[in-house]
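Residue numbers (my numbering), protein chains in the order written: chain D, 1 to 113; chain H, 1 to 112.
Every residue, glycine too, gets a C-beta built ideally from N, C-alpha and C.
What follows is a set of notes on a single structure, which appears directly below.
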Amino acid sequence: DTAVSQTPKYLVTQMGNDKSIKCEQNLGHDTMYWYKQDSKKFLKIMFSYNNKELIINETVPNRFSPKSPDKAHLNLHINSLELGDSAVYFCASSQDSPTGEQFFGPGTRLTVL
Amino acid sequence: DAKTTQPNSMESNEEEPVHLPCNHSTISGTDYIHWYRQLPSQGPEYVIHGLTSNVNNRMASLAIAEDRKSSTLILHRATLRDAAVYYCILRSNSGGYQKVTFGTGTKLQVIP
């Protein structure tokens, strides 16, 4: 069974469109994250949710809106997509602890044309 | 946020030990040191973590300097499957929530 899953794996879309990426974890974790990995391979945290509550928002444009319907899901909705949004987006989850191992999903490669 | 500094790349021969360094001179007392690795076209995966003492697990060992301003991930016998980007990360519990800052990562090349 996949621990952290993301859909879709690839997403190609035009500038200005709105798209969503879904993430689900079946590990019973309290905390979920979204990361962005750009073309230079820098991995940056975007958001963190703990028990459906937003706890970290790392100065991400408000075109990005995470939504957590329950503890097992953290979806990422992006409005008015821009070229610079092209990247690989990773979802992750962990227990709410500084020692908690983060489990990452396989990533979603977003290409904005 | 406390930051980490790692060499951009390193090479190792297969079956040889590898020592991957990480500097974190601004580490705070509540920061845990975590290491993750990312294989090509995959998400990062956890390797090991520690606070003050050296740690061992089935994947690697983590040696932490006495002043905690640096650490070294040790792969005892590098295999081709260990070729990946290794990230040194500090995880803090400051402010009542976790902040995670990834380093630049070290790309490890394993030579057969």
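Residue i classed as buried or exposed, judged by whether at least 16 other C-beta atoms fall within 10 angstroms
i              : result
M46 (chain D)  : buried
A3 (chain D)   : exposed
Y36 (chain H)  : buried
L76 (chain D)  : buried
N50 (chain D)  : buried
R91 (chain H)  : buried
G96 (chain H)  : Confidence at G96 (chain H) is low in this model, with a pLDDT of 49, below 50, so its placement is unreliable and the value that follows should be read with caution. Exposed, since its Cβ has fewer than 16 Cβ neighbours within 10 Å.
T101 (chain H) : buried
E24 (chain D)  : buried
Q95 (chain D)  : exposed
L73 (chain H)  : buried
D38 (chain D)  : exposed
L75 (chain H)  : buried
K36 (chain D)  : buried
A60 (chain H)  : buried
S93 (chain D)  : buried
Close beta carbons around residue i, own chain, < 8 Å, minus the five adjacent residues each side
i              : result
T117 (chain H) : A query on residue 117 (chain H) cannot be resolved here, the shown segment of chain H reaching from 1 to 112 and no further.
K69 (chain H)  : N23, H24, S25, I27
F103 (chain D) : A3, V4, Q25, L27, H29, A92, S93, S94
Residue i: first and last residue of the uninterrupted beta strand (DSSP E) it sits in
i              : result
P69 (chain D)  : 64-70
F47 (chain D)  : 43-50
H73 (chain D)  : 73-78
P21 (chain H)  : 18-23
L110 (chain D) : 108-112
G50 (chain H)  : 45-50
Q14 (chain D)  : Segment: none, Q14 (chain D) is in no beta strand (DSSP E) and carries neither H nor E.
V4 (chain D)   : 4-7
E53 (chain D)  : 53-57
N13 (chain H)  : 9-13
L90 (chain H)  : 84-92
E101 (chain D) : E101 (chain D) -> no beta strand (DSSP E), and no H or E assigned at all.
Beta-carbon contacts of residue i that lie in its chain and below 6 Å, excluding the five residues immediately before and after
i             : result
S12 (chain H) : V18, A78, V110
Residues near residue i by beta carbon distance below 7 Å, same chain, minus five either side
i              : result
L110 (chain D) : L11, D85, S86, A87, Y89
I56 (chain D)  : I45, F47, S48
A63 (chain H)  : N54, S71, T72, I74
D30 (chain D)  : N50, N51, K71, Q95, D96
is_contact[residue i, chain D] using C-beta, thresh 7 Å
i             : result
Y86 (chain H) : no
G43 (chain H) : yes
Test: residue i CB closer than 7 Å to a CB of chain C
i              : result
E101 (chain D) : Reference to chain C is not applicable here, since the protein chains of this structure are D and H.
7 Å Cβ cutoff, residue i in contact with chain H
i              : result
F104 (chain D) : yes
G107 (chain D) : yes
F64 (chain D)  : no
| field | Chain-ordered residues of the region 71-88 of chain D with a beta carbon less than 8 Å from chain H | value | none
| Going along the region 35-49 of chain D in order, which residues come within less than 9 Å of chain H, judged by CB to CB distance? | Y35, Q37, K41, F42, L43, K44, I45, S48
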